[in-house]
Every structure is written in structure tokens, then in C-alpha cells.
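The UniProt record's numbering numbers the first residue of the sequence shown as 1 and each following residue consecutively. Just so it is clear, CB atoms sit at the ideal spot from N, CA and C, and this is done for glycine as well. Bear in mind that the values here come from a model prediction, so they are computed numbers and not experimental data. The structure under discussion appears below in the form of C-alpha cells.
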Amino acid sequence: MERTFLMVKPDGVQRNMIGEIVARFEKKGFHLVGAKLMQISPELAGEHYGEHKERPFFGELVDFITSGPVFAMVWEGENVISTARLMMGATNPKESAPGTIRGDFAVTVGKNIIHGSDSPESAVREIGLFFKEEELISYAKDSNNWVN
Ligand code: DAT
Ligand code: MG
1 MERTFLMVKP
11 DGVQRNMIGE
21 IVARFEKKGF
31 HLVGAKLMQI
41 SPELAGEHYG
51 EHKERPFFGE
61 LVDFITSGPV
71 FAMVWEGENV
81 ISTARLMMGA
91 TNPKESAPGT
101 IRGDFAVTVG
111 KNIIHGSDSP
121 ESAVREIGLF
131 FKEEELISYA
141 KDSNNWVN
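Quick look at the structure:
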């Protein structure tokens, strides 16, 4: 079963969005296998956003993502990587559709509430950056039989 890395960013934590965001993925039918509130170090931020190192907003991005605690999660489910991206909405909240997390709750690209892996390769890389193997729990849930 596919897994993805999702994270409520510091703005989402400060705006009391953890519960709302977890609820959306739970109700969708995805399966939570790991979660923790954590403070990202500048080193981890640089690695996580390594693909953006040369972009003009990189410094701001690292400052922002380290500006307060984040809520890091791993979710499992059929097509969870691409479906979670759809549920998040476009990167720039100016373009994210209503009904998506960013479309409903964010205004500006610098403070867009949530991160989600954009491909199977990023998912594996990001899960490995944020979680130890023993922090991810495989468990059965009867309700999954009513989803898949
Ligand atoms: P996403 O978070 O949708 O995967 P991304 O990987 O392209 O988007 O960029 C990572 C984050 O960087 C994004 O969530 C917000 C910030 N960002 C992207 N483009 C930006 C821009 N033009 N100006 C400021 N911040 C930007
Ligand atoms: Mg990205």
C-alpha cells in the first residue's frame, strides 16, 4: 500500500488546523501510520527543501518552516500520494480550488498550511528524513475493509 509524508506547517499549527487536517484525511479513508509534533532544525529544513536551494525564496522558506513546531505525519492508502496533493490544492492559494485545504484556509504562497510529497520518490525520501522505521506503525483497522 502506498505511503506519503504530510506535514502541517508552522502557520497551520499556530492557527489550530491540526485537527481539521487530520480529520480530512481520516474521513477520506486514509490510514495514519505515524505522527509527531516536532521542531525542524535548519539542517533538516535545508535537506527537506533541497530541490529549492537555488530559488530566491529558499531563505524565507527555511526561516518559515523552522519558525515554530510542525505536525509531521505518514499516511497510507491507495493512490494516497496524488490524492493528498489534490486534497491540499495548488501551491499558491490564489489558485487552489475551494474545497481543498489551501483553497479553504490559506491566502498566500508563503503561508500555505500544509506540505505533501509530490511523487513516490519524494515520499520515500521525506518519510526517511522525518521518521525512524520504528515510529511507523503497521496495524489493521476493520473500517479499511469498507474503504478498499
Ligand atoms: P508544494 O508545497 O506545493 O509542493 P513547492 O514544492 O513548489 O510546492 O514549493 C515548496 C514551498 O515553497 C511551497 O509550499 C511554498 C514555497 N514557495 C513555492 N513557490 C514560492 C514562491 N514563488 N514564493 C514564495 N514561496 C514559494
Ligand atoms: Mg513540493
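Practice item. Decide if T83 is buried, meaning its Cβ has at least 16 other Cβ atoms within 10 Å, or exposed. Key: buried
Check your understanding: Going along the chain, which unbroken runs of the beta strand (DSSP E) with 3 or more residues stay wholly within the UniProt domain "Nucleoside diphosphate kinase-like" (1-138)?
Key -> 3-8, 31-38, 70-76, 114-116
Point to revise | chain B within 7 Å of E78, Cβ atoms only | key: The structure shown contains no chain B; it is built from a single protein chain.
Review point. Is the segment 123-135 in contact with the segment 35-54, if contact means three or more CB pairs nearer than 8 Å?
Key: yes
Practice item. Count the CB pairs spanning the segment 89-106 and the segment 51-58 that are closer than 8 Å, and state whether there are at least three. Key: no
Review point. Leaving out five residues before and five after V80 in sequence, what residues of the same chain have Cβ atoms less than 6 Å from its Cβ?
Key: E2, T4, F30
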